[in-house]
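Engineer: The following block contains the structure, expressed as structure tokens.
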């Protein structure tokens, strides 16, 4: 009887594993395409006028590096206006912003509406009522730093007719500890193994954080910035897919941001992501399915966003459940003195080790694929690879917590990494006021 249960468990495992691999075929293709050079965009025929919006409440420690990088853009500065959004005129951020030309300080009035989405909506409504006209709005976080050709490259995508475009999200602090490097690596995964392929096949991209623009005509049509969920970036990704907006990804428009360095901060950040992910799916799932069934446009994007994380969740759940099954069965076998219990323990060890080493290999492949972008020391790269399975394993309790926790508040993240580029794209990084590191790209 014991042996039969073990065999049935093995059969179920292999059947589910086969189904998971079939579901993952699209992702496998994405990963293969991600290893090849990215799509290039033709030079723009015209320089367009843009506004850069920066929610910057109490961000005086890092805002200046972003403003410097904007001033050093290889683009016509008369066509760039920057709006720094704060909540009080006493915020030190205001005085810093006033030092830079074409930079406006916008002080919010409706502070009862909390969140980045409401801050963006308030400033956009203000701009629409003014005599200022822009063709698109860039969304940046205060801790971002733009490479000198960021806007020039993004202008190529706008000139090519894309209503929404995302740049390459890189990290300031690859060497800020294993949490920071693993967090940065997940965005490398989105860049290379997801959005690169989406752009290649003209699918809707997955926005992650900031570093993107949206055409002014879209916001005018919907009456401002109407994305207020915990993950407004993912909400906008679904909105663009449902409404067949033309979006893309430009690897050559590079920008940098800061990753959390502690598990506590990372947990709070990712809990918000997971909860916001669920909110956005709940809001748009019916529209996605309806569009997939009855709208001939953009069906591949709608299919992908409809199944969402199902392929990945399926194979991970299969592996985890098999590990739990073999562990429990092994313990039972030991208790009843079953002579083949050791085989069950071997199966448990093999399945658990396979999950762990798969993520190690996956991290290694990502680091190698993105080595031209990534500034990480060898020792930190090794730590990142071996801790990446641990970092990803936290998503299991995160999803459980998000499922039972009704309210998840946005919690501010302290930014402390200073990063300045010179005109030759050399990068100087200052961390925690003590450690300096200089690299040449």
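Residue numbers (this note's numbering): 1 to 441. Using N, Cα and C, we set each Cβ at its ideal position, and we do this for glycine too.
1. Need the endpoints of the alpha helix (DSSP H) that residue 187 sits in, please.
2. Please return the same chain residues whose Cβ sits closer than 8 Å to the Cβ of residue 323, not counting the five positions on each side in sequence.
3. Would you decide whether residue 262 is buried or exposed? Buried here means 16 or more other CB atoms lie within 10 Å of its CB.
4. Report yes if the C-beta distance between residue 52 and residue 128 is below 9 Å; otherwise report no.
5. Check whether the segment 113 to 131 and the segment 208 to 227 are in contact - that is, three or more C-beta pairs closer than 8 Å.
6. Give the straight-line distance between the Cα atoms of residue 90 and residue 260, rounded to the nearest whole angstrom.
7. Got a sec? Which residues, its chain only, sit under 7 Å from residue 144 by beta carbon, not counting five neighbours each side?
8. Can you list, in chain order, the residues of its chain with a C-beta nearer than 6 Å to that of residue 433? Leave out the 5 residues immediately preceding and following it.
9. So, residue 229 versus residue 283, is the Cβ gap smaller than 9 Å?
10. May I have the straight-line CA-CA distance separating residue 440 from residue 375, to the nearest angstrom?
11. Cutting at 6 Å between CB atoms, please list the residues of its own chain near residue 326, excluding the five before and the five after it.
12. By how many angstroms is the C-alpha of residue 12 removed from the C-alpha of residue 18?
13. Evaluate residue 181 with the Cβ neighbour count: other Cβ atoms within 10 Å of its Cβ, from every protein chain shown; 16 or more gives buried, anything less gives exposed.
14. Looking only at C-alpha atoms, which of 80, 40 and 400 sits nearest to residue 270?
15. For the alpha helix (DSSP H) that residue 254 lies in, which residues bound it at each end?
16. Return the bridge partner residues of residue 86 from the DSSP annotation.
17. For residue 220, count neighbouring C-beta atoms within 10 Å of its own C-beta (all shown protein chains included) and say buried if the count is 16 or more, exposed if not.
18. Under the DSSP definition of a beta bridge, which residues are partnered with residue 80?
19. If the criterion is Cβ atoms closer than 9 Å, does the pair residue 47 and residue 134 meet it?
20. From the DSSP output, read off the bridge partner residues of residue 354.
21. Report the three-state DSSP secondary structure of residue 311 (helix, strand or coil).
22. Under 8 Å: do the segment 163 to 179 and the segment 238 to 247 share three or more Cβ pairs, one atom per stretch?
23. Which one of 225, 197, 149 and 341 has the shortest CA to CA distance from residue 136?
24. Compute the distance between the beta-carbons of residue 84 and residue 105, then report whether it is under 9 Å.
Structural biologist: The structure says:
1. Here the alpha helix (DSSP H) through residue 187 covers 178 to 190.
2. Cβ neighbours of residue 323 beyond the five flanking positions: 348, 351, 352 and 355.
3. Label assigned to residue 262: exposed.
4. In terms of Cβ geometry, residue 52 and residue 128 do not form a close pair [threshold 9 Å].
5. Pairwise C-beta distances place the segment 113 to 131 in contact with the segment 208 to 227, as three or more of them are shorter than 8 Å.
6. Answer to the nearest angstrom: the Cα atoms are 27 Å apart.
7. Excluding sequence neighbours, residue 144 sits near 66, 210, 211, 255, 256 and 257.
8. Bear in mind that the predicted position of residue 433 carries a pLDDT of just 35, short of 50, making it too unreliable to give a figure here.
9. Yes. Within cutoff.
10. Here the model assigns residue 440 a pLDDT of 31, short of 50, so the residue's position is not dependable and the matter cannot be decided.
11. 344, 347 and 348.
12. A direct Cα-to-Cα measurement between residue 18 and residue 12 gives close to 10 Å.
13. The residue in question, residue 181, is buried, as its Cβ has 16 or more Cβ neighbours within 10 Å.
14. For residue 270, the nearest C-alpha among the options comes from 400.
15. According to the DSSP assignment, residue 254 belongs to no alpha helix (DSSP H) but to the beta strand (DSSP E) extending over 247 to 257.
16. DSSP, once it has assigned bridges, lists 107 as partnering residue 86.
17. With fewer than 16 Cβ atoms within 10 Å of its Cβ, residue 220 is classed as exposed.
18. 50.
19. Cβ distance not < 9 Å, so residue 47 and residue 134 don't count as in contact.
20. Paired residues: none, contrary to the question.
21. Three-state DSSP puts residue 311 in a helix.
22. Touching, yes.
23. Out of 225, 197, 149 and 341, 225 has the C-alpha closest to the C-alpha of residue 136.
24. For residue 84 and residue 105, yes; Cβs fall inside 9 Å.
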